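Taking it in order: structure first as structure tokens, then the write-up.
Protein chains: 2
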Amino acid sequence: MLQSKLFYKTNKNKSANADSVSHDLLIRAGYIDQLMAGVYTFLPLGFKVFKNVEHIIRDHMEQIGGQELLMPVLHPKENWVKTGRIEKEKEILFVVKGNGEKEYVLGPTHEEIVSPLARKIIFSYKDLPLYVFQIQEKFRDELRPKSGLLRTREFAMKDFYSFHANQADLDSYYATVAKAYKNIFSECGIGKITYRTLASGGSFSKYSDEFQMLTEAGEDTVFICKKCKLAINKEIKAENPSCPECKNSDFEEKKSIEVGNIFKMGTRYSLPFELKFTDKDGHDKPVIMGCYGIGLGRLMGAVVEASHDEKGIIWPKTIAPFSVHLLQLDGKPKIQAAAKKIYAQLQKENIEVLYDDRQNKAAGEKFADADLLGIPYRIVVSEKTFAKNSVEFKERGKAAIKLVKINQLSKLF
Amino acid sequence: MLQSKLFYKTNKNKSANADSVSHDLLIRAGYIDQLMAGVYTFLPLGFKVFKNVEHIIRDHMEQIGGQELLMPVLHPKENWVKTGRIEKEKEILFVVKGNGEKEYVLGPTHEEIVSPLARKIIFSYKDLPLYVFQIQEKFRDELRPKSGLLRTREFAMKDFYSFHANQADLDSYYATVAKAYKNIFSECGIGKITYRTLASGGSFSKYSDEFQMLTEAGEDTVFICKKCKLAINKEIKAENPSCPECKNSDFEEKKSIEVGNIFKMGTRYSLPFELKFTDKDGHDKPVIMGCYGIGLGRLMGAVVEASHDEKGIIWPKTIAPFSVHLLQLDGKPKIQAAAKKIYAQLQKENIEVLYDDRQNKAAGEKFADADLLGIPYRIVVSEKTFAKNSVEFKERGKAAIKLVKINQLSKLF
Chain G
1 MLQSKLFYKT
11 NKNKSANADS
21 VSHDLLIRAG
31 YIDQLMAGVY
41 TFLPLGFKVF
51 KNVEHIIRDH
61 MEQIGGQELL
71 MPVLHPKENW
81 VKTGRIEKEK
91 EILFVVKGNG
101 EKEYVLGPTH
111 EEIVSPLARK
121 IIFSYKDLPL
131 YVFQIQEKFR
141 DELRPKSGLL
151 RTREFAMKDF
161 YSFHANQADL
171 DSYYATVAKA
181 YKNIFSECGI
191 GKITYRTLAS
201 GGSFSKYSDE
211 FQMLTEAGED
221 TVFICKKCKL
231 AINKEIKAEN
241 PSCPECKNSD
251 FEEKKSIEVG
261 NIFKMGTRYS
271 LPFELKFTDK
281 DGHDKPVIMG
291 CYGIGLGRLM
301 GAVVEASHDE
311 KGIIWPKTIA
321 PFSVHLLQLD
331 GKPKIQAAAK
341 KIYAQLQKEN
351 IEVLYDDRQN
361 KAAGEKFADA
371 DLLGIPYRIV
381 VSEKTFAKNS
391 VEFKERGKAA
401 IKLVKINQLS
411 KLF
Chain Y
1 MLQSKLFYKT
11 NKNKSANADS
21 VSHDLLIRAG
31 YIDQLMAGVY
41 TFLPLGFKVF
51 KNVEHIIRDH
61 MEQIGGQELL
71 MPVLHPKENW
81 VKTGRIEKEK
91 EILFVVKGNG
101 EKEYVLGPTH
111 EEIVSPLARK
121 IIFSYKDLPL
131 YVFQIQEKFR
141 DELRPKSGLL
151 RTREFAMKDF
161 YSFHANQADL
171 DSYYATVAKA
181 YKNIFSECGI
191 GKITYRTLAS
201 GGSFSKYSDE
211 FQMLTEAGED
221 TVFICKKCKL
231 AINKEIKAEN
241 PSCPECKNSD
251 FEEKKSIEVG
261 NIFKMGTRYS
271 LPFELKFTDK
281 DGHDKPVIMG
291 CYGIGLGRLM
301 GAVVEASHDE
311 KGIIWPKTIA
321 PFSVHLLQLD
331 GKPKIQAAAK
341 KIYAQLQKEN
351 IEVLYDDRQN
361 KAAGEKFADA
371 DLLGIPYRIV
381 VSEKTFAKNS
391 VEFKERGKAA
401 IKLVKINQLS
411 KLF
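Protein sequences appear in the order of chains G and Y. Here full-length UniProt numbering is used: the first residue of the first sequence is 1, the next is one more, and so on. Here full-length UniProt numbering is used: the first residue of the second sequence is 1, the next is one more, and so on.
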């Protein structure tokens with residue numbers, strides 16, 4: 001991609017209304033644009049990161065047998081009345097009236113849709129287990145949206161639903177999903193700082209699990225047992241002065257961001273929608289369900305919270321919008337020709353390159369933009385490097401700069 | 001994919017409330033599920049077709065320089081007030097009230113968002129032209145949703161916006177997009193029956209163009225000039241008793257489905273949002289815009305209208321959910337083992353296979369399901385074929401069945 005043609009604009013100055021580092025950096029670097037409170041556009045740079053995160057999540061969900069589908073945003077209000085959530089969740093539900101006085105809920109999650117849908121497909125124990133997921137826009141009318149992509153009114157979420165014949169099968173699959181989540185967060189570069197954290201299970205399960213990424217800037221808190229290393233969230237801590245696992249009462253307290261959650265719903269949604277199956281013994285039983293969520297934008301924001309310095313973002317290679325940021329520091333025809341040749345060569349090798357071909361920018365501005373954007377590898381072509389048939393090669397987040405012969409470049413990737 | 005595990009259910013009987021062939025077949029074959037009037041879930045089979053269509057469209061939009069981004073569903077109502085469309089389009093707009101009496105429009109199209117966004121990025125003639133697109137959910141409160149995916153209240157659309165310094169540049173790019181559209185429809189298998197059709201340009205351009213797919217079952221009409229073959233839509237026909245191109249007045253009348261449209265918007269949206277640029281001569285001028293839409297679900301529905309027989313769907317290979325439907329007609333261990341081996345072998349060769357491994361289904365039912373689902377190649381393994389180390393090989397939509405040696409199978413793809 002030629003940077004001169006990229007649909008974006010960077011900003012040197014801190015965003016006036018940004019209330020977190022990721023909010024500030026993602027806006028300043030031209031990854032996202034704020035349309036209004038809690039509602040954002042993913043600009044081409046941000047959309048590339050979004051797609052990379054989406055691919056990683058999809059891949060892991062398919063590996064554990066998930067079948068992807070796409071459910072609607074518009075839900076019939078009746079379904080939310082049936083589960084009682086029209087009242088319970090009313091503060092965050094968007095309800096819209098259509099032609100003929102029909103009322104719709106804009107889905108903040110899809111239990112009210114997937115359960116009656118599954119009822120059309122699941123009849124016998126032979127139909128179980130089944131796993132479906134979608135990556136889709138959700139809506140929550142947050143009173144106070146904040147921190148950029150961390151708490152928004154509209155957000156893409158991967159929501160996964162599992163259907164089981166019995167509790168043991170759910171328990172075993174729940175562990176499988178937890179492992180897949182670990183792998184997703186590792187692949188997005190935050191595996192080491194993301195803790196599976198015991199959380200309240202609501203009225204239908206003793207516990208659920210949150211995945212909390214440790215960070216100074218988080219809006220949440222995790223308590224880690226100093227003895228057995230179990231992580232618990234603040235609700236569990238409030239109910240249990242000592243560790244639920246080892247009874248030790250010495251905890252390390254850490255400000256965190258929730259990047260995923262998994263939940264055993266049991267029969268909470270299968271009962272109201274009469275989602276049942278005929279078991280081997282010929283009896284009708286309610287289907288046992290689990291649900292598993294990851295917010296894609298939130299995960300992007302969390303990665304930036306975890307991986308940046310004072311100059312800008314440091315993207316993990318797995319989700320960076322481009323692999324290489326190629327900077328041409330000089331407008332002279334021979335330098336431009338050299339840069340174009342390197343650009344073509346890298347593209348031919350299927351390396352994703354953002355080529356800063358802008359003519360009217362000073363070297364300092366180009367370096368500052370490269371640091372702000374946070375693409376993993378920076379390659380600089382200038383009069384000086386060209387004289388040695390070389391380029392400057394630098395990894396974002398590392399200080400070392402090395403000269404590399406142009407004809408040796410491919411070997412670095 | 002094992003058919004015994006697929007999240008779907010077929011139905012032998014015509015859907016009671018289906019009002020078009022594609023509506024009936026897509027529901028009966030388990031591609032989509034109707035949640036309520038005009039609102040559908042794409043089941044895993046349907047989602048695979050959806051993704052294939054999406055990839056084709058994305059590919060062609062990137063080839064003509066389009067940069068993909070993702071704009072929100074929630075629009076500030078003020079933006080729609082500014083363009084006057086809050087009144088003009090009020091019959092189809094969903095308007096939702098949020099916390100703090102904030103009002104949002106659920107976007108049916110994104111001129112009201114992309115124009116002020118572009119204003120943050122476009123300043124000089126050097127920033128032009130620019131092309132952006134998204135593939136995103138849209139909302140229209142249709143009074144009478146109908147024909148399954150052909151007219152819905154919620155639908156995924158590819159909307160592409162181009163920004164130009166002058167009319168000549170827009171005109172030339174408009175032709176480029178028209179060509180890309182032709183290629184998209186050809187790749188989706190409806191190129192030969194899809195006509196670029198002259199349509200009204202509204203108050204800002206003399207003409208726009210619709211892409212109309214000819215079909216008996218369409219809700220629209222195209223008039224094709226018998227002399228110069230120009231296609232015009234019904235508005236243009238009403239205004240022009242003779243052909244606008246050659247003045248001949250003899251037309252062929254044909255019932256069609258609109259599968260895409262392209263539109264020169266000129267300064268219709270750049271003026272209210274003050275989207276301007278500084279030209280070479282130092283003067284501020286309004287940016288000239290074009291917009292280009294394709295509905296993904298509608299295109300899927302149109303393909304089914306164009307490509308089916310009395311037994312079911314006949315998917316073009318390019319967008320079929322799987323390439324091969326492998327039917328195992330006998331539960332005997334040796335036949336099962338042979339089918340599994342073929343399944344593994346084809347998967348290894350990256351051929352997408354739906355393997356009908358169901359044990360309790362009669363051959364007749366499996367054949368009927370295969371015809372209904374419409375996957376391009378059917379491979380049958382039975383006692384009879386296995387005795388000859390062979391499978392039966394048949395193309396959907398063709399009558400010929402041939403015996404193929406199992407070890408020669410790969411050569412067919």
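Positions of the beta carbon are idealized from the N, C-alpha and C atoms, including for glycine. Quick caveat, the model's predicted, so the values are computed rather than measured.
- DSSP, read as helix, strand or coil, puts residue 187/Y in helix.
- Between residue 329/G and residue 379/G, the CB-CB gap reaches or exceeds 8 Å.
- The alpha helix (DSSP H) runs of length 4 or more contained entirely in the region 349-375 of chain Y are, from start to end of the chain, 363-373.
- Restricting attention to alpha helix (DSSP H) runs no shorter than 4 residues, the region 2-70 of chain Y encloses them at 21-28, 44-63, ordered along the chain.
- By the C-beta density criterion, residue 45/G is buried, having at least 16 other C-beta atoms within 10 angstroms.
- Within the region 58-87 of chain G, contact with chain Y at the beta-carbon level (separation under 7 Å) is assigned to 67, 68, 69, 70, 71, 72, 73, 74, 76.
- By the Cβ criterion, the region 309-319 of chain Y is in contact with the region 370-386 of chain Y, since at least three pairs of Cβ atoms, one from each stretch, lie closer than 8 Å.
- Residue contact check for residue 36/G against chain Y: a CB pair falls below 8 Å.
- Residue 293/G is bridged by DSSP to 159/G, 261/G.
- By DSSP's assignment, residue 213/G forms a beta bridge with 194/G, 257/G.
- In this structure residue 169/Y touches residue 129/Y by the C-beta definition: roughly 6 Å separates them, less than 8 Å.
- The closest CA to that of residue 364/G, considering only 250/G, 382/G, 227/G, 212/G, is found on 382/G.
- In the DSSP assignment, residue 307/G falls outside any alpha helix (DSSP H), carrying neither H nor E.
- In the DSSP annotation of this structure, residue 326/G is not part of any alpha helix (DSSP H); the continuous beta strand (DSSP E) holding it starts and ends at 324-328.
- Of all residues in the region 118-136 of chain G, only 120, 121, 130, 132 come within less than 7 Å of chain Y when Cβ atoms are compared, listed by chain position.
- Annotation: the continuous beta strand (DSSP E) that includes residue 103/G extends over 103-106.
- By the Cβ-count criterion, residue 283/Y is exposed, with fewer than 16 other Cβ atoms from all chains shown falling within 10 Å of its own Cβ.
- The C-alpha of residue 367/Y lies about 21 Å from the C-alpha of residue 412/Y.
- In chain order, 98, 99 make up the part of chain G whose C-beta sits under 8 Å from the C-beta of residue 141/Y.
- Taking a beta-carbon distance threshold of 8 Å, residue 43/G counts as an interface residue toward chain Y.
- Three or more beta-carbon pairs separated by less than 8 Å are not found between the region 170-179 of chain Y and the region 135-154 of chain Y, which leaves the two stretches without contact.
- Taking a contact as a CB-CB distance under 8 Å, the pair residue 89/Y and residue 134/Y does not count as one, their CB atoms being some 20 Å apart.
- With respect to residue 288/G, residue 166/G sits close: the two C-beta atoms are nearer than 8 Å.
- DSSP places residue 386/G inside the alpha helix (DSSP H), whose first and last residues are 383-386.
- Nearest C-alpha to residue 206/G among 260/G, 265/G, 212/G: 265/G.
- For residue 153/G, the neighbours in chain Y by C-beta distance under 7 Å run, in chain order, 74.
- A distance below 8 Å separates the beta carbons of residue 136/G and residue 70/G.
- Of the residues 16/Y, 103/Y, 26/Y, 141/Y, the one whose Cα lies closest to the Cα of residue 301/Y is 26/Y.
- Under the criterion of beta carbons closer than 8 Å, residue 214/Y and residue 54/Y do not qualify as touching, at roughly 24 Å.
- Residue pairing of residue 134/Y in beta bridges, as defined by DSSP: 159/Y.
- Residues of the region 363-383 of chain Y with a C-beta less than 7 Å from any C-beta of chain G: none at all.
- A check of alpha carbon separations from residue 99/Y across 145/G, 251/G, 75/G, 115/G identifies 145/G as the nearest.
- A buried status is given to residue 138/Y, since no fewer than 16 other beta-carbon atoms sit within 10 Å of its beta-carbon.
- Residue contact with chain Y for residue 9/G: present (Cβ-Cβ distance below 8 Å to some residue of chain Y).
- DSSP lists 198/Y, 223/Y as the bridge partner or partners of residue 232/Y.
- In the three-state DSSP reduction, residue 151/Y falls in the strand class (E or B).
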